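Chains A and Y, in that order, give the protein sequences. Okay, so the first sequence: first residue is 1 according to my numbering, each after it adds one. Okay, so the second sequence: first residue is 1 according to my numbering, each after it adds one. Glycine is no exception: its CB is placed at the ideal position from the N, C-alpha and C atoms. It should be emphasised that the depicted structure is a prediction, and the values quoted were computed from it without experimental measurement.
Number of protein chains: 2
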Amino acid sequence: MEEKDLRIRIKEVAVEHFNRNGYHGTTIRSIARDVGCSLPMIYYYYSSKKELFDEIIKKEFFDLVKRQASHVKSGSVVDFYTKFIYGLNHLSDYDRQVYRLGIKVYLTFDGDEELMGLMDEWEKGIMPRHREILKPYIQNTPNEEAVVRTLVHLLETMIENIVVKNRYLPEEEIREEIAIVLQGIERDRFS
Amino acid sequence: MEEKDLRIRIKEVAVEHFNRNGYHGTTIRSIARDVGCSLPMIYYYYSSKKELFDEIIKKEFFDLVKRQASHVKSGSVVDFYTKFIYGLNHLSDYDRQVYRLGIKVYLTFDGDEELMGLMDEWEKGIMPRHREILKPYIQNTPNEEAVVRTLVHLLETMIENIVVKNRYLPEEEIREEIAIVLQGIERDRFS
DNA sequence: TCTTTTACCTAACGTTCGTTAGTATACTAA
DNA sequence: TTAGTATACTAACGAACGTTAGGTAAAAGA
Numbered sequence: 001m002e003e004k005d006l007r008i009r010i011k012e013v014a015v016e017h018f019n020r021n022g023y024h025g026t027t028i029r030s031i032a033r034d035v036g037c038s039l040p041m042i043y044y045y046y047s048s049k050k051e052l053f054d055e056i057i058k059k060e061f062f063d064l065v066k067r068q069a070s071h072v073k074s075g076s077v078v079d080f081y082t083k084f085i086y087g088l089n090h091l092s093d094y095d096r097q098v099y100r101l102g103i104k105v106y107l108t109f110d111g112d113e114e115l116m117g118l119m120d121e122w123e124k125g126i127m128p129r130h131r132e133i134l135k136p137y138i139q140n141t142p143n144e145e146a147v148v149r150t151l152v153h154l155l156e157t158m159i160e161n162i163v164v165k166n167r168y169l170p171e172e173e174i175r176e177e178i179a180i181v182l183q184g185i186e187r188d189r190f191s
Numbered sequence: 001m002e003e004k005d006l007r008i009r010i011k012e013v014a015v016e017h018f019n020r021n022g023y024h025g026t027t028i029r030s031i032a033r034d035v036g037c038s039l040p041m042i043y044y045y046y047s048s049k050k051e052l053f054d055e056i057i058k059k060e061f062f063d064l065v066k067r068q069a070s071h072v073k074s075g076s077v078v079d080f081y082t083k084f085i086y087g088l089n090h091l092s093d094y095d096r097q098v099y100r101l102g103i104k105v106y107l108t109f110d111g112d113e114e115l116m117g118l119m120d121e122w123e124k125g126i127m128p129r130h131r132e133i134l135k136p137y138i139q140n141t142p143n144e145e146a147v148v149r150t151l152v153h154l155l156e157t158m159i160e161n162i163v164v165k166n167r168y169l170p171e172e173e174i175r176e177e178i179a180i181v182l183q184g185i186e187r188d189r190f191s
């Protein structure tokens, strides 16, 4: 319990509390109680409640999604996306809660204007990245753009199901859904 | 301003505040201030802050989704779903905020165990309803169940985009995405 | 050695919260 | 007319909040 840096322990417990009770529903006192330290120690490592919340989003969340986005593409597109989503089932509790908290801010359900602005910036990069990944497969499809959009939308719901609603999505179900959106795409690879 | 029942005015302002600041971030005082009445008047009409929140979800939200679900199916399936989603763009501010608040509870981002339980019950009816609607069109498709699931997932993200993130989704974009998921379905009607 | 810094604490500050006690005014029924 | 009820208020309660003042004890640096 005590072998870990107190600063990190505080952040871990804070992630749990912000997740369970939201920003306003979380109290510094309850974090201190669960960490097992005194109340002012929170202020020794973080200048305020807001800074603690901000660090979780600005560092932990964006580090996590950057890590996620750097997964190497291998095999077919359907394979790639299926494994990407399926992998979320096995996120650590901490990572899952950080992800969940980030999505909450992304959906403007928590956080302040500044954090929401960062999310908007981040969101702008999503569609182009997937357009790039899918480009080799769909460049001769008529509704190219719509397919990218539909896939991204589908991915979003599946991510929410796993990360936010804490559901387990079986690999075959994920594959089926992605294949439906990308049907006719895979074949073009060999044409 | 004063022609409306105070009880209703309070609920309207509460919906705004719960939406903007969440349950814990909303104060009875700020609601009273924006309504233009004294603080104890909130307690004259609602026994507690929690009861006020609960009524919004239990009555307003579920009434709204029931109203939404009763839309008559006409034309093609793609048409039906397109119009259903597109119509959300033109929800009144009040209805949109009630919807948004409900989704927040649905995603377990707010509300207590009891309300989340009601959401779980409600969610169980979603997939069967759409399976029923789609049945005539997909009964000869091999991946029947997966198509229903994918469509429901896609609808969920589009609803979130409009209602939660407050985006405007053009009718053609909605139609394109639905058509991608249901491709090959429409044709079977005439086979 | 002595001084400074680091890591921790108890206790309290002022503010705001949800909620209620107590009272006034206006309409309604008798 | 008068008793009662519905609608409104001012003022305050105790509790909990974010935050800080001020201190201690040990380790590190000089």
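Practice item. Would you please state the rounded distance, in angstroms, between the beta carbons of Met-127/Y and Val-152/Y? I believe it to be under 8 Å. Key: Position 127 of the second sequence, counted from the first residue, corresponds to residue 127/Y. Position 152 of the second sequence, counted from the first residue, corresponds to residue 152/Y. Contact flag correct, Cβ pair sits at about 6 Å.
Review point. If you measure from the beta carbon of Arg-149/A to each beta carbon in chain Y, is any gap under 8 Å?
Key: Locating residue 149/A in the first sequence gives position 149, where the first residue counts as 1. For Arg-149/A, the closest Cβ of chain Y is nearer than 8 Å.
Practice item. Give a yes or no on contact between the stretch 71–81 of chain A and the stretch 43–55 of chain A, applying the rule of three or more CB pairs nearer than 8 Å. Key: Segment contact: the stretch 71–81 of chain A against the stretch 43–55 of chain A, fewer than three CB-CB distances shorter than 8 Å; contact not assigned.
Review point. For Glu-12/A, which residues of its own chain have a beta-carbon under 8 Å away from its beta-carbon, when the five flanking residues on both sides are left out?
Key: As a first step, residue 12/A must be located in the first sequence, where it is residue number 12. Counting only Cβ-Cβ distances below 8 Å, and skipping sequence neighbours, we find Tyr-94.
Exercise for review: Quick one: using the 10 Å Cβ neighbour count with 16 as the cut-off for buried, is Leu-101/A buried or exposed?
Suggested key: Position 101 of the first sequence, counted from the start, is the residue given in the question as residue 101/A. With 16 or more other Cβ atoms inside 10 Å of its own Cβ, Leu-101/A counts as buried.
Practice item. Mind checking which residues open and close the alpha helix (DSSP H) that includes Pro-136/Y? Key: Position 136 of the second sequence, counted from the first residue, corresponds to residue 136/Y. From DSSP, the alpha helix (DSSP H) with Pro-136/Y extends over 126–138.
**Study point:** beta-carbon Glu-160/Y near the ligand MN non-hydrogen atom, thresh 7 Å
**Key:** Questions concerning the ligand MN fall outside what the structure shown contains, since it holds no ligand whatsoever.
Practice item. Would you mind working out which of Phe-109/Y, Ile-28/Y, Arg-175/Y, Phe-84/Y sits nearest Arg-20/A, comparing C-alpha positions? Key: The sequence position of residue 20/A within the first sequence is 20, counting from 1. Of the residues Phe-109/Y, Ile-28/Y, Arg-175/Y, Phe-84/Y, the one whose Cα lies closest to the Cα of Arg-20/A is Phe-109/Y.
**Study point:** chain Y within 8 Å of Gly-25/A, Cβ atoms only
**Key:** As a first step, residue 25/A is located in the first sequence; it is residue number 25 there, counting from the start. It does: the Cβ of Gly-25/A has a partner Cβ on chain Y nearer than 8 Å.
Check your understanding: Out of His-24/Y, Asn-140/Y, Tyr-99/Y, Thr-150/Y, which has the shortest C-alpha to C-alpha gap to Ile-159/Y?
Key -> Here residue 159/Y refers to the residue found at position 159 of the second sequence. Minimum Cα-Cα distance from Ile-159/Y among the listed residues His-24/Y, Asn-140/Y, Tyr-99/Y, Thr-150/Y corresponds to Tyr-99/Y.
Review point. Using the beta-carbon of each residue, which ones in chain Y are nearer than 7 Å to Glu-156/A?
Key: Your numbering for residue 156/A matches position 156 in the first sequence. Near Glu-156/A (Cβ distances below 7 Å), the residues of chain Y are Thr-157.
Exercise for review: Would you identify the three-state DSSP class for Pro-40/Y, choosing helix, strand or coil?
Suggested key: Walking along the second sequence from the start, residue 40/Y turns up at place 40. Here Pro-40/Y sits in helix by DSSP.
Review point. Is Asp-188/Y close to chain A, meaning its C-beta is less than 8 Å from at least one C-beta of that chain?
Key: Against the second sequence, residue 188/Y aligns to sequence position 188. Reliability of the predicted coordinates at Asp-188/Y is poor, the pLDDT of 45 falling under 50, and the value obtained from them is presented with this limitation in mind. For Asp-188/Y, the answer is no, since every Cβ of chain A falls outside 8 Å of its Cβ.
**Study point:** Rounded separation between Pro-136/A and Ala-14/Y - CA only
**Key:** On the first sequence, position 136 is the one that residue 136/A refers to. On the second sequence, position 14 is the one that residue 14/Y refers to. Roughly 50 Å separates the two Cα atoms.
Review point. Straight-line CA distance for Asp-5/A to Leu-91/A?
Key: Residue numbering aside, residue 5/A sits at position 5 when the first sequence is read from its first letter. Residue numbering aside, residue 91/A sits at position 91 when the first sequence is read from its first letter. Rounded to whole angstroms, Asp-5/A and Leu-91/A show a C-alpha spacing of 22 Å.
**Study point:** Cβ distance (whole Å) where Glu-156/Y is taken to contact Thr-157/A below 8 Å
**Key:** Taking the second sequence and counting its residues from 1, the one referred to as residue 156/Y is at position 156. Taking the first sequence and counting its residues from 1, the one referred to as residue 157/A is at position 157. At roughly 5 Å, the Cβ-Cβ gap stays under 8 Å, so Glu-156/Y and Thr-157/A are in contact.
Check your understanding: Which residues in the same chain as Ser-38/Y place their Cβ atom closer than 7 Å to its Cβ, once the five residues preceding and following it in sequence are excluded?
Key -> Within the second sequence, numbered from 1, the residue matching residue 38/Y stands at position 38. Correct list, in chain order: Ala-32.
Exercise for review: Note down, in chain order, each residue of its chain lying with its Cβ closer than 7 Å to the Cβ of Glu-144/A, except the 5 sequence neighbours on either side.
Suggested key: Position 144 of the first sequence, counted from the start, is the residue given in the question as residue 144/A. The residues are Ile-138.
Check your understanding: Does the Cβ-Cβ distance between Ile-57/Y and Gly-111/Y come in under 8 Å?
Key -> On the second sequence, position 57 is the one that residue 57/Y refers to. On the second sequence, position 111 is the one that residue 111/Y refers to. It is a contact, given that the beta carbons lie within the stated cut-off.
Review point. Going by C-alpha distance, which of Arg-96/A, Thr-27/A, Lys-59/A is nearest Val-164/A?
Key: Here residue 164/A is taken as the residue at index 164 of the first sequence, counted from 1. Among Arg-96/A, Thr-27/A, Lys-59/A, the Cα nearest to that of Val-164/A belongs to Arg-96/A.
Practice item. List the residues of chain A whose Cβ lies closer than 9 Å to the Cβ of Leu-107/Y, in chain order. Key: As a working mapping, residue 107/Y is identified with position 107 in the second sequence. For Leu-107/Y, the chain A residues whose Cβ falls inside 9 Å of its Cβ are Ile-103, Lys-104, Leu-107, Phe-109, Glu-160, Val-164, Lys-165, in order along the chain.
Point to revise | Exposed unless 16 or more other CB atoms sit within 10 angstroms - verdict on Ala-69/Y | key: Translated into the one-based positions of the second sequence, residue 69/Y becomes position 69. Exposed is the call here.
Practice item. Pull up the distance between the alpha-carbon of Val-35/Y and that of Asp-63/A, whole angstroms please. Key: Residue mapping note: residue 35/Y aligns to position 35 of the second sequence, counting from 1. Residue mapping note: residue 63/A aligns to position 63 of the first sequence, counting from 1. Roughly 43 Å separates the two Cα atoms.
Practice item. State yes or no: is the beta carbon of Glu-173/Y nearer than 8 Å to at least one beta carbon in chain A? Key: Position 173 of the second sequence, counted from the first residue, corresponds to residue 173/Y. Taking Cβ atoms only, chain A reaches closer than 8 Å to Glu-173/Y, which makes this a yes.
Practice item. Identify whether Gly-184/A lies in helix, strand or coil by the three-state DSSP scheme. Key: Stepping through the first sequence from its first residue, residue 184/A is reached at position 184. Correct three-state label for Gly-184/A: coil.
Exercise for review: Would you mind working out which of Asn-89/A, Val-148/A, Leu-115/A, Ser-48/A sits nearest Lys-59/A, comparing C-alpha positions?
Suggested key: For the purposes of this step, residue 59/A is taken as the residue at position 59 of the first sequence. Closest by alpha carbon: Leu-115/A.
Practice item. Within its chain, find whatever has a CB closer than 6 Å to the CB of Phe-80/A; leave out the 5 residues flanking it on each side and keep chain order. Key: Translated into the one-based positions of the first sequence, residue 80/A becomes position 80. Excluding its 5 nearest sequence neighbours in each direction, Phe-80/A has C-beta neighbours in its own chain below 6 Å: Lys-73, listed in chain order.
Check your understanding: To the nearest angstrom, how far is it from the Cα of Val-105/A to the Cα of Arg-167/Y?
Key -> Here residue 105/A corresponds to residue number 105 of the first sequence, with the count starting at 1. Here residue 167/Y corresponds to residue number 167 of the second sequence, with the count starting at 1. Taking the straight line joining both Cα atoms gives about 16 Å.
Practice item. Please name the residues in the stretch 72–90 of chain A whose beta-carbon is closer than 9 Å to at least one beta-carbon of chain Y, in chain order. Key: Answer set for the stretch 72–90 of chain A: empty.
Check your understanding: Of all the alpha helix (DSSP H) runs that stay within the bounds of the stretch 79–107 of chain A, which reach a length of 4 or more residues?
Key -> As far as the stretch 79–107 of chain A is concerned, its whole alpha helix (DSSP H) runs of at least 4 residues are 93–106.
Check your understanding: Taking DSSP as the reference, what is the three-state secondary structure of Ser-191/A?
Key -> Residue numbering aside, residue 191/A sits at position 191 when the first sequence is read from its first letter. Legend: pLDDT at Ser-191/A = 32, less than 50; position of this residue unreliable, no value from coordinates given.
**Study point:** Run of the alpha helix (DSSP H) containing Tyr-242/A, from where it starts to where it stops
**Key:** Absent from the structure is residue 242/A, since the part of chain A shown begins at 1 and ends at 191.
Review point. Quick one: does Val-15/A have its CB under 8 Å from some CB of chain Y?
Key: The sequence position of residue 15/A within the first sequence is 15, counting from 1. It does not; no Cβ of chain Y falls within 8 Å.
**Study point:** Nonlocal neighbours in the same chain, by C-beta distance under 6 Å from Val-147/A, ignoring five residues either side
**Key:** Position 147 of the first sequence, counted from the first residue, corresponds to residue 147/A. Around Val-147/A: Ile-138.
Check your understanding: At a Cβ threshold of 8 Å, is Glu-176/A touching chain Y?
Key -> Mapped onto the first sequence, residue 176/A falls at position 176. At a cut-off of 8 Å between beta carbons, Glu-176/A contacts chain Y.
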